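The numbering of the sequence shown is numbering that gives the first Met the number 0, which starts it at 0 and goes up by one.
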Amino acid sequence: MAGTPLGFVDFHSYEESLPALMELLNVGPHLSSVDRVVIKPNLVNTSRPPVTTPVELVATIVDYVRNVSSARIVVAEGCGSPLYDTYRPYRKLGYLELADAKGIGLVDLNDAELLKLSDSRCRLYPQFMMPRVVMESFLISVPVLKRHSLSKVTLTMKNMMGCAPPSHYGGLVWKKSKFHKNLHRSIFELNLYRTPDLTIIDGSVGLARYHLGGPKCKPPVRKLVGGFDPVAVDSYGAGLLCLDWRKIKHIALAHSVLGNGEAQPVNSLDAKHNEQIA
0 MAGTPLGFVD FHSYEESLPA LMELLNVGPH LSSVDRVVIK PNLVNTSRPP
50 VTTPVELVAT IVDYVRNVSS ARIVVAEGCG SPLYDTYRPY RKLGYLELAD
100 AKGIGLVDLN DAELLKLSDS RCRLYPQFMM PRVVMESFLI SVPVLKRHSL
150 SKVTLTMKNM MGCAPPSHYG GLVWKKSKFH KNLHRSIFEL NLYRTPDLTI
200 IDGSVGLARY HLGGPKCKPP VRKLVGGFDP VAVDSYGAGL LCLDWRKIKH
250 IALAHSVLGN GEAQPVNSLD AKHNEQIA
């Protein structure tokens with residue numbers, strides 16, 4: 000069953016715009032028979048949105064999944080800060096309250112059970128340790144629309160770095176520091192092992208220069224972007240940040256391998272027009 004590679008809706012509120020995006024992407028049939036859904040936000044540290052993924056967006060995703068599936072739902076992240084574990088951002092940013100209110104699980108991917116994987120296409124990481132829960136679930140990546148000081152953007156493929164266990168890929172400064180020496184190639188190879196099954200990018204605001212703070216996009220981008228193709232989603236997200244995806248190495252590497260950077264988005268107006276024609 001093919002899902003829509005790339006789509007977007009204008010942002011009004013999470014309660015209104017997220018279900019509209021999910022329907023546009025035809026997400027429901029993909030979730031109806033899965034046993035477990037993992038929602039992977041970007042909680043790099045304890046900073047408030049738009050540095051991190053708003054808990055309100057994740058709550059709305061949980062509600063949508065519950066409406067179309069009986070799957071167990073887990074929020075899973077591995078924060079990058081060397082100063083604390085992932086439960087500190089979970090606590091400070093409202094995710095513990097969300098888990099209690101919705102009856103969902105929370106996992107710290109930095110300490111999760113691991114699987115040893117191998118891929119001959121990977122020259123930096125011909126073997127890779129990946130959390131079992133990420134490999135054995137339907138994975139929804141929920142990054143925030145942000146530029147990045149090293150990788151130019153941090154969108155869905157970069158968001159997968161939160162899955163990497165610091166016991167194997169950490170360093171003195173950040174829990175994922177081993178990737179920084181060859182960051183773009185590392186992001187690409189990580190995604191050769193596991194790409195998200197579905198991505199929802201929070202572009203309600205956007206960070207214009209830097210992934211850990213700095214100026215917000217002015218005016219706010221005011222879009223939710225999603226799709227089943229991580230390369231298409233990231234290339235479109237780069238465009239919203241006024242960047243050419245072809246000049247962002249990890250997206251260019253993934254084009255034609257993990258997805259299509261040239262895919263054209265559909266939006267709610269396109270869908271309504273097609274319904275009228277039919």
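Where is the CB? At the ideal position from N, CA and C, for every residue including glycine. These figures come from a predicted structure and were not determined experimentally.
The three-state reading of DSSP puts residue 185 in helix, counting H, G and I together. Taking a 10 Å sphere around the C-beta of residue 149, we find fewer than 16 other C-beta atoms and assign the residue as exposed. In chain order, 153, 157 and 210 place their CB closer than 7 Å to the CB of residue 147, counting only its own chain and leaving out the 5 sequence neighbours on each side. As for any beta strand (DSSP E) of minimum length 3 sitting wholly inside the segment 201 to 231, the runs are 222 to 226, ordered along the chain.
Residue 32 and residue 131 have their C-alpha atoms some 20 Å from each other. When DSSP states are grouped into helix, strand and coil, residue 75 belongs to the strand group. One thing to note: residue 3 has its Cβ within 9 Å of the Cβ of residue 24. Each residue's CA atom was taken as its position, placing residue 105 and residue 261 some 35 Å apart. Scanning 134, 169 and 239 for the CA closest to the CA of residue 79 turns up 169. The alpha helix (DSSP H) runs of length 4 or more contained entirely in the segment 9 to 46 are, from start to end of the chain, 13 to 24 and 27 to 30.
In this chain, residue 5 is not harboured by any beta strand (DSSP E), its DSSP state being neither H nor E. Unbroken beta strand (DSSP E) runs of no fewer than 3 residues, entirely contained in the segment 135 to 200, are found at 137 to 141, 143 to 147 and 151 to 153, following chain order. The C-alpha of residue 236 lies about 20 Å from the C-alpha of residue 26. Within the model, the alpha-carbon separation for residue 119 versus residue 244 is close to 26 Å.
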